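Protein sequences, first through last, are from chains U and C.
So for the first sequence, this note's numbering puts the first residue at -12; every next one is plus one.
So for the second sequence, this note's numbering puts the first residue at -11; every next one is plus one.
Backbone N, C-alpha and C define an ideal beta-carbon position, used for all residues, glycine too.
All figures in this text were calculated on a predicted structure; none of them were measured in a lab.
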Amino acid sequence: MNSAPSLATRPVSRVAAFLDRAGMLLVLALLFAGCSLFVENFFSLANLKGLALAVSMTGMVACTMLFCLAAGDFDLSIGSVVACAGVIAAVVMNRTGSIAVGVACALAFGALVGLTNGFVVARLQINALIATLATMQIVRGLGFIVSGGSAVGISRDAFFALGNSAFLGLPTPIWITAACFAVFGFVLNRTVFGRDTLAVGGNPEAAHLAGIAVARVKIIIFTAQGAMAAFAGIVLASRVTSGQPNTSLGFELEVISACVLGGVSLTGGVGSMAFVIAGVLIMGVVQNAMNLLNVPTFYQYVARGLILLAAVLFDRWKRRGGLAPVA
Amino acid sequence: MSSSALAFHRVSMDFPGVRALEDVSFEVRAGTIHALMGENGAGKSTLLKILSGAHQPTAGAVHIDGMPRTFHRTADALAAGVAVIYQELHLVPAMSVAENLFLGHLPEQFGFLDRRALATAARAQLEQIGEPIDPQTPVGRLPLAQRQMVEIAKALTRGARILAFDEPTSSLSDREVRRLFAIIRDLRTRGCTILYVSHRMEEIFALCDRISILRDGRLVETADLAALTRADVVQRMVGRELANIYNYRPRPLRGPGLAVTGLAGPGLAEPCTLDAQAGEILGLFGLVGAGRSELLRLIFGATPKTAGRVTVGGAEIDVPSPRRAIEAGIVLCPEDRKKEGIVPVRSVLENLNLSARRRTARAGVLIDETWERRNARQRIDQLGIRTPSARQLIRNLSGGNQQKVVLGRWLSTTIRVLLLDEPTRGIDVGAKSEIYAIVQQLAADGICVILVSSELPEVLGISDRIAVMRQGRLAAVVDRAAATEAGLLALALPVETARAS
């Protein structure tokens, strides 16, 4: 008797494992079916297209926010970056007459803000809440300064195609968002960088001692997050044909809510693209249904908050079971 | 005297994937001090958590004065007169002793805190346990031993008649231990019933009347301590003879392994020079705080060095970082498994592949899932990791199995130097002996092993040579044949101690 088993083991329940893997997708399916049956005009092509378009920006930015959250951080500056990048794109395009230069400047600006966030959080070890709260305000201010305080109309008509054209009957932003889901989902699941991200969020010290360059992973994530927010800002500017310095207030919380709603852990280490897609779409469906039912805006805020709370409680209930995370 | 104040009746406790307690029944007689012993992982803490209401048993019940009771929270247990005093004390450091004593039921008058009543009541309570503490002192300013007294007094102010202690002496000096024992005996004479959990055999025999011994979540025996010898207790705890868990076999040494020259950095009082050959197991002994973990972290590059050289098989590691060290074949299994070793929210598979996937990924980017699954399977088999599946969350595994995963992380890599920091801390004897066997096998394969341990028998049992550290310095390196417990301890003790005592 050299190796008496120290503890008896038993397999985790299959039902619970399934719930953990697909819980929020299941909720989404039920919600979708319910709305289709009971909400008039919900299940129509035009409405569903509108729904998808409405969540497309949240969806894009939620992809990089997923990485941020999975690595144990979050980014509050994205709403400001969306606004400021739109303004920069508009101003540069009007000055230079070149769409490419305008887009490139806006993207570079977003990446620079992200790089700064990443550097301050990962290298200077400042709490992400404080660091990105600061850049959120700085960048919001920069947006107003660059625009002179009001919306900047864009003079290049060709630019509007980005946000307003359609391909195979679906608006371009929806295709972009779908592509983001696919690409970032692949990166998280199937690349070393994606798995490193989850390890960094799950336990930074263990990741460091396993040879993962923790600071570098975080800096790359924040930089990508900034660039992605800037890209969303460019798409938005194209849709509304101007750069608006006061748009997307509270956008960061909307994106984080969508991720958490889907089951991405705020403490890091747990998350998958399926969670994010579920979260983003649940938010979209609820919003859409409430609009169709003519629920007043004030009540919509209350409803969204309650849903988020319910999702977090559900998540906690699941976690009590201590199940394996989705790969 | 024979009526039972507290009884566990057929208590079982399941955690996801793990059965922590199985059908445990025993009685604690009123007015006695009852010892609870068992190896780590035997189920003692789980039992205490059930008693305090932190866990609800999967089956069975706790009986108080013969009545079955269910505690859903600590308040329920307190209401039934049960208080558990944990190693980590549950006091608010910034508040005064008096406020802590009455936390949750402070005396009030018309909604305002009645300071005078509070001071009087607190003083009365402290006098009752005979401890000269000023009730106005913030708890944070008291030494640990006195905080423990405050915790006991706090339990008594809530009318506790059954007190359970979890390793209360682990950070107390001898004098403080004697003081604590006097208070516990005094509690017994006043009719309290005590459940006393400890690893320390001398304490159990000095203090307790009866004993219950747990092993692997089951009750082995409940008996009068007078009827048992220490050897009996140890034998029942481990379930077999302890003598040969190390299984030491001499191995041939195979030339240069690790050489450390003039290494300096945080935690070391002076530059350190040390070498160990391929195929050698070098024990690194010292008291807590002697700089052993710091030395390992410097060798591994986890802490930047300020001077010195580290060479592996004759080649120097130029830019120190964990990544560079791993590439050169140095790997570290850190001391604090939970904080530095595992990623608790990820699966066993993820934890096993955490590092190696950097080498096996296609083009260094795309994960090779087939390889990762096979690697995980192999490590699980090779190390005998007990888990229901590779997809199980690692935090649901026992400490010993977690340690094997941390070790297994490195076994698919070509390693030349294995740094082990307290590899068997907090794990049960069975897993310990398995880990010793693995370590010896690795050394026999030509790996140079540096093993930090605070346990003398372990260091003596497994090492070829033993380096002793004292206050941030390397005090001596002793050969296996020349090493004795007393000799190593004398080398490890701070030099000032002689003068102080």
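Min CB distance Ala169 (chain U) to chain C below 7 Å:
no
To the nearest angstrom, how far is the alpha carbon of Tyr234 (chain C) from that of Asp197 (chain C)?
Answer to the nearest angstrom: the Cα atoms are 34 Å apart.
How many angstroms separate the CA atom of Gly188 (chain U) from the CA atom of Ile269 (chain U)?
So the two alpha carbons sit approximately 25 Å from each other.
Does the beta carbon of Leu24 (chain U) sit closer than 7 Å to a beta carbon anywhere in chain C?
no
Taking Phe54 (chain U) as part of the alpha helix (DSSP H), name the residues at either end of that continuous run.
Leu32 to Ala57
Out of C:Thr108, C:Ala49, C:Gly48 and C:Lys37, state which residue places its alpha-carbon closest to the alpha-carbon of Gln75 (chain C).
Nearest Cα to Gln75 (chain C) within the set C:Thr108, C:Ala49, C:Gly48 and C:Lys37: C:Lys37.
Ser(-8) (chain C) and Gly48 (chain C) - do their beta-carbons sit closer together than 7 Å?
no
Can you say whether Asn190 (chain U) is buried or exposed, counting buried as having 16 or more other CB atoms within 10 angstroms of its CB?
buried
Could you give the distance in angstroms between the alpha-carbon of Phe154 (chain U) and the alpha-carbon of Ala165 (chain U)?
13 Å
Let me confirm a value: Ser137 (chain U) is counted as buried when at least 16 other C-beta atoms fall within 10 Å, else exposed. Which label applies?
exposed
Positions along the region 97 to 128 of chain U whose CB lies within less than 7 Å of some CB in chain C:
none
According to a CB-to-CB cut-off of less than 9 Å, which residues of the region 172 to 198 of chain C neighbour chain U?
none
For Met83 (chain C), three-class secondary structure by DSSP
Looking at Met83 (chain C) - three-state DSSP - the assignment turns out to be coil, as it is neither helix nor strand.
Taking buried to mean at least 16 other C-beta atoms within 10 Å of its own C-beta, is Trp398 (chain C) buried or exposed?
The Cβ neighbour count for Trp398 (chain C), taken over all protein chains shown within 10 Å, is at least 16; the residue is labelled buried.
Under a CB-based cut-off of 7 Å, is Val204 (chain U) close to chain C?
no
So, does the CB of Tyr174 (chain U) fall closer than 7 Å to a CB anywhere in chain C?
What sits at residue 174 (chain U) in the sequence shown is Val, not Tyr. With 7 Å as the cut-off, Val174 (chain U) does not count as an interface residue toward chain C.
State buried or exposed for Ile117 (chain U), treating a residue as buried only when at least 16 other CB atoms are found within 10 Å of its CB.
Exposed: under 16 other Cβ atoms inside 10 Å.
Could you pull the DSSP bridge partners for Thr210 (chain C) from this structure?
C:Ser200
Measuring only the C-alpha atoms, how far is Arg206 (chain C) from Gly31 (chain C)?
8 Å
With Arg334 (chain C) and Gly198 (chain U) assumed to form a contact (beta carbons below 8 Å), what rounded beta-carbon distance in angstroms separates them?
A Cβ-Cβ distance of about 16 Å is found for the pair Arg334 (chain C) and Gly198 (chain U), leaving them out of contact under the 8 Å criterion.
Beta strand (DSSP E) segment containing Phe3 (chain C), residue limits:
Ser(-8) to Phe3
In whole angstroms, what separates the C-alpha of Leu240 (chain U) from that of Arg203 (chain U)?
CA-to-CA, the gap between Leu240 (chain U) and Arg203 (chain U) works out to about 25 Å.
Chain C within 7 Å of Val272 (chain U), Cβ atoms only:
No, no contact with chain C.
Compare the Cα-Cα distances from Arg146 (chain C) to each of C:Thr291, C:Leu91, C:Ala257 and C:Ala290 and report the closest residue.
C:Leu91
Please list the terminal residues of the continuous beta strand (DSSP E) segment that includes Phe273 (chain C).
Ile269 to Phe273
Would you check if the distance between the CB atom of Arg61 (chain C) and the CB atom of Ala68 (chain C) is smaller than 7 Å?
no
By how many angstroms is the C-alpha of Ala214 (chain U) removed from the C-alpha of Ala98 (chain U)?
The straight-line gap from Cα to Cα measures roughly 4 Å.
Pull up the DSSP beta-bridge partners for Gln75 (chain C), would you.
Bridge partners of Gln75 (chain C): none, in fact.
Could you work out which residues of chain U lie near Pro355 (chain C), taking near to mean beta carbons separated by less than 9 Å?
It should be pointed out that residue 355 (chain C) corresponds to Ile in this sequence rather than to Pro. Chain U residues near Ile355 (chain C): Asn176, Arg177, Thr178, Val179, Gly181 and Arg182.
If we define contact as Cβ-Cβ less than 7 Å, is Gly198 (chain U) a contact residue for chain A?
Of the protein chains in the structure, U and C, none is chain A.
Run through chain C and tell me which residues come within less than 9 Å of Asn190 (chain U), C-beta to C-beta.
Simply Lys326, Lys327, Glu328, Gly329, Ile330, Val331, Pro332, Val333 and Arg334.
Three or more C-beta pairs under 8 Å: does that hold for the region 163 to 179 of chain C against the region 95 to 113 of chain C?
At 8 Å Cβ cutoff, the stretches do not touch.
Residue-level contact to chain C via CB, Val257 (chain U), 7 Å cutoff
yes
Alpha helix (DSSP H) runs wholly inside the region 25 to 69 of chain C, at least 4 long, in chain order
Runs found: 32 to 40 and 62 to 67.
State whether the region 178 to 187 of chain U contacts the region 272 to 281 of chain C, with contact taken as three or more CB pairs (one from each stretch) at a distance under 8 Å.
no
Within the 7 Å Cβ cut-off, does Ala166 (chain U) reach chain C?
no
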